[in-house]
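> Using our numbering, you'd call the opening residue of the sequence shown number 13 and step up by one each time.
Quick reminder that beta carbons are idealized off the backbone N, C-alpha and C, glycines included.
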Amino acid sequence: MTRITGLGGIFFKAKNPEQLRDWYKKHLHFDISPWGGKTFFWREAENPEQIARTEWSIMDDKTTYLDPGQKDFMINYRVENLELLLQELKAEGVTVAGEIESYPYGKFGWIIDPEGQKIELWEPIESGFDEAAEPS
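(1) Are there 16 or more other CB atoms within 10 angstroms of the CB of Pro136, so buried, or fewer, so exposed?
(2) How many angstroms separate the CA atom of Leu94 from the CA atom of Gly118?
(3) At what residue ranges does the stretch 89-148 contain a whole run of the beta strand (DSSP E), taking only runs of 3 or more?
(4) So, are the CB atoms of Phe85 and Thr66 less than 8 Å apart?
(5) Tell me which residues share the same chain as Leu96 and place their Cβ nearer than 7 Å to its Cβ, disregarding the 5 neighbours each side in the sequence.
(6) Below 8 Å, can you find three or more Cβ-Cβ pairs linking the stretch 121-129 to the stretch 75-92?
(7) DSSP state of Asn25, grouped into three classes?
(8) How long is the line joining the alpha carbons of Glu100 and Ser114, rounded to whole angstroms?
(9) Could you give the first and the last residue of the continuous beta strand (DSSP E) run that contains Phe53?
Here's what the structure looks like:
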């Protein structure tokens with residue numbers, strides 16, 4: 013089984029998220045969505061008809077969403093079979109954080125790496141994507 017199929021997103025904390033979003037909008041021309049982030053669309057190499065996406069988001073530095081991670085950012089990786097992958101990782105001694113959560117755009121699970129970094133694993137359902145909806 014292929015464990016990681018791509019990069020699903022990058023999420024990081026900021027002391028002043030609105031000001032930082034404005035900076036990215038002004039200087040890098042990021043079109044910020046209503047949920048406070050940017051979606052990058054792309055095509056699957058093996059299936060060019062399939063539209064995929066990678067999320068980018070700035071979060072308030074007081075968010076608990078990155079807990080129990082000990083860092084100010086979190087990487088989201090795309091996976092093919094989240095439930096099986098989490099079972100295998102747990103059997104290998106990897107710390108699994110929380111329970112799987114399901115949304116119209118996919119399933120999410122979390123692990124913690126040896127340095128305390130929370131990692132989000134996402135099994136996407138592309139047909140359930142709503143551009144105005146906040147990702148996980």
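Taking the structure as given:
(1) buried
(2) 10 Å
(3) 113-115, 118-124 and 130-136
(4) no
(5) Met13
(6) yes
(7) Before going further, note that residue 25 is Lys rather than Asn in the sequence given. Here Lys25 sits in strand by DSSP.
(8) 20 Å
(9) Gly49 to Arg55
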